[in-house]
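*Asks:* Below you will find the structure I want to go over with you.
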Amino acid sequence: MTQLSLNIDLERDAFRLALDSTIDLAPITALFGPSGAGKTTMLRVIAGLERGARGKLILGESIWQDSETGTFLPPNERRIGYVFQDGRLFSHLSAAGNLRFAARLASPNARFSFDDVVTALDLGPLLARKPHALSGGEQQRVAMGRALLRDPELMLMDEPLSAMDAKRKSEIAPYVEHVAHEFAVPILYVTHTIEEVTRLATKMILLTDGRIAAIGGVGEILERIDLWPHTGPATVGALLLARIEDNHRNMSTLSLAGQLLRIPEIEGELGSVVRVRVAARDVAIATEKPSGLSIRNVLEAKILKIDLLEPVFAEILLDVGKQRLRAEITREAAEELKLTEGQTVYALVKSVAIDRTLL
Numbered sequence: 012m013t014q015l016s017l018n019i020d021l022e023r024d025a026f027r028l029a030l031d032s033t034i035d036l037a038p039i040t041a042l043f044g045p046s047g048a049g050k051t052t053m054l055r056v057i058a059g060l061e062r063g064a065r066g067k068l069i070l071g072e073s074i075w076q077d078s079e080t081g082t083f084l085p086p087n088e089r090r091i092g093y094v095f096q097d098g099r100l101f102s103h104l105s106a107a108g109n110l111r112f113a114a115r116l117a118s119p120n121a122r123f124s125f126d127d128v129v130t131a132l133d134l135g136p137l138l139a140r141k142p143h144a145l146s147g148g149e150q151q152r153v154a155m156g157r158a159l160l161r162d163p164e165l166m167l168m169d170e171p172l173s174a175m176d177a178k179r180k181s182e183i184a185p186y187v188e189h190v191a192h193e194f195a196v197p198i199l200y201v202t203h204t205i206e207e208v209t210r211l212a213t214k215m216i217l218l219t220d221g222r223i224a225a226i227g228g229v230g231e232i233l234e235r236i237d238l239w240p241h242t243g244p245a246t247v248g249a250l251l252l253a254r255i256e257d258n259h260r261n262m263s264t265l266s267l268a269g270q271l272l273r274i275p276e277i278e279g280e281l282g283s284v285v286r287v288r289v290a291a292r293d294v295a296i297a298t299e300k301p302s303g304l305s306i307r308n309v310l311e312a313k314i315l316k317i318d319l320l321e322p323v324f325a326e327i328l329l330d331v332g333k334q335r336l337r338a339e340i341t342r343e344a345a346e347e348l349k350l351t352e353g354q355t356v357y358a359l360v361k362s363v364a365i366d367r368t369l370l
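Residues in the sequence shown are numbered consecutively from 12, following this note's numbering.
Here it is in structure tokens:
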């Protein structure tokens with residue numbers, strides 16, 4: 012696992028980026044936060060595009076910046092692949108020309124060949140075309156290929172899917188995963204969309220006001236109600252792992268720790284693992300197993316913790332087969348149900364409320 016160590020300070024006008032963390036990078040680590048949090052600035056510092064930054068930056072065993080010793084590797088000497096929001100392909104070159112330009116900048120011992128990258132990203136049909144003749148998704152695939160051909164130790168992706176509609180995002184996302192897993196290049200992926208985080212990443216860095224507020228697994232961050240001020244209440248919930256057991260009548264049946272979930276059909280082979288995101292506000296609680304409901308998903312759970320942090324709502328942390336689920340109900344309901352920690356209850360989740368993504 013590649014380690015990124017940051018002890019950086021950068022002041023620009025009224026904004027200050029102050030980073031002091033060591034991060035064990037996952038295959039895809041999401042850098043998440045609101046607009047203006049400093050996400051793009053952090054990428055620029057890592058890439059060597061902010062000479063005004065002071066401090067120390069180390070990737071693996073390589074010191075890229077150390078203000079005390081005067082060390083500062085310029086961008087071309089940092090083994091980084093950078094994919095921007097708008098692709099930034101050379102307009103006068105074909106897709107093949109863009110790729111070969113990057114390949115010429117790599118070392119003679121580069122791990123990835125032109126043919127490897129073209130095949131992996133399905134770029135063959137695009138090679139003769141110039142950027143103006145490519146769709147947004149096609150441009151981003153070429154941009155990913157160009158970044159890979161620099162033989163990077165780290166890929167930086169700055170909201171590469173933000174300009175695409177949902178259909179295009181679903182088409183491009185597997186290529187992002189392919190880069191991380193098949194080419195074994197860790198990706199630091201900037202987004203302000205929680206759906207992209209849960210679709211792609213296993214680790215998450217929460218950045219707010221130029222500082223890192225939290226680092227951890229995506230599910231771990233999502234379930235933390237103390238991070239509401241930074242993530243927003245709508246993102247609080249759980250990320251569960253489940254397995255596809257059956258697809259029938261436009262519905263998929265998933266297995267979750269011996270219990271079943273029914274959701275709108277998801278593409279994937281039987282036995283495939285999916286990540287299921289459930290918002291806390293979409294989970295109801297019953298003290299007895301209900302019947303005669305339109306809600307299809309009733310999960311037996313144990314209450315781990317009850318938080319009464321607001322005057323109106325109670326946050327209930329649940330254990331479902333050693334996975335955590337969170338429910339948001341009114342304090343009045345919690346009191347009427349006489350909920351207690353350690354109690355066995357039933358979590359009710361509407362099928363249409365489940366956000367599901369294939370791993």
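Where a beta carbon is used, it is the ideal one built from N, C-alpha and C, also for glycine.
1. Using only the alpha-carbon positions, how far apart do F95 and L28 sit?
2. Do the stretch 194-203 and the stretch 37-47 make contact, defined as three or more Cβ pairs closer than 8 Å?
3. Are A195 and R157 close, meaning C-beta to C-beta below 8 Å?
4. On a CA-only basis, which of T355, L328, N258 is nearest H282? Give me that one, please.
5. Relative to the C-alpha of S7, which candidate in E188, G148, E164, H189 has its C-alpha closest?
6. Look at A117 and L160 and say whether their C-beta atoms are less than 8 Å apart.
7. Can the beta-carbon of P142 be found closer than 8 Å to that of L110?
8. Can you give me the start and stop residues for the beta strand (DSSP E) that R286 sits inside?
9. Can you tell me which of I277, V284, V247 puts its alpha carbon nearest to the alpha carbon of R292?
10. P275 by DSSP, collapsed to three states: which one?
11. DSSP three-state label for E311, please.
12. Under DSSP, the beta strand (DSSP E) around S16 begins and ends at which residues?
13. Given a threshold of 16 other Cβ atoms within 10 Å of its Cβ, counted over all protein chains shown, does K333 qualify as buried or as exposed?
14. What span of residues does the beta strand (DSSP E) with G162 cover, start to end?
15. Quick check: what's the CA-CA separation for L167 versus I340?
16. Quick one: what's got a C-beta closer than 7 Å to R342's C-beta in the same chain, skipping five residues either side?
17. Let me know the beta strand (DSSP E) ranges lying completely inside the stretch 67-130, each 3 residues or longer, listed in chain order.
18. If you compare alpha carbons, which of P86, M53, K50 is closest to E164?
19. Could you check what DSSP says for Q150 in three-state terms: helix, strand or coil?
20. How would you call N308, buried or exposed, if buried means at least 16 neighbouring beta carbons within 10 angstroms?
21. Quick one: using the 10 Å Cβ neighbour count with 16 as the cut-off for buried, is E170 buried or exposed?
22. Pairing CB atoms from the stretch 54-65 with CB atoms from the stretch 251-266, are three or more of them under 8 Å?
23. Just the C-alpha distance for M12 and K313, rounded to the nearest angstrom, thanks.
*Replies:* So, to answer that:
1. 20 Å
2. yes
3. no
4. First, the residue type needs correcting, since residue 282 is Gly and not His in the sequence shown. The residue with the shortest Cα to Cα distance from G282 is N258.
5. Nothing can be reported for residue 7, as the shown portion of the chain is limited to 12 through 370.
6. yes
7. no
8. 284-290
9. V247
10. strand
11. strand
12. 14-23
13. exposed
14. As written in the sequence, residue 162 is Asp, which differs from the Gly given in the question. No beta strand (DSSP E) holds D162; DSSP gives it neither H nor E.
15. 39 Å
16. L319, V323, F324, A325
17. 73-77, 91-94
18. P86
19. helix
20. buried
21. buried
22. no
23. 35 Å
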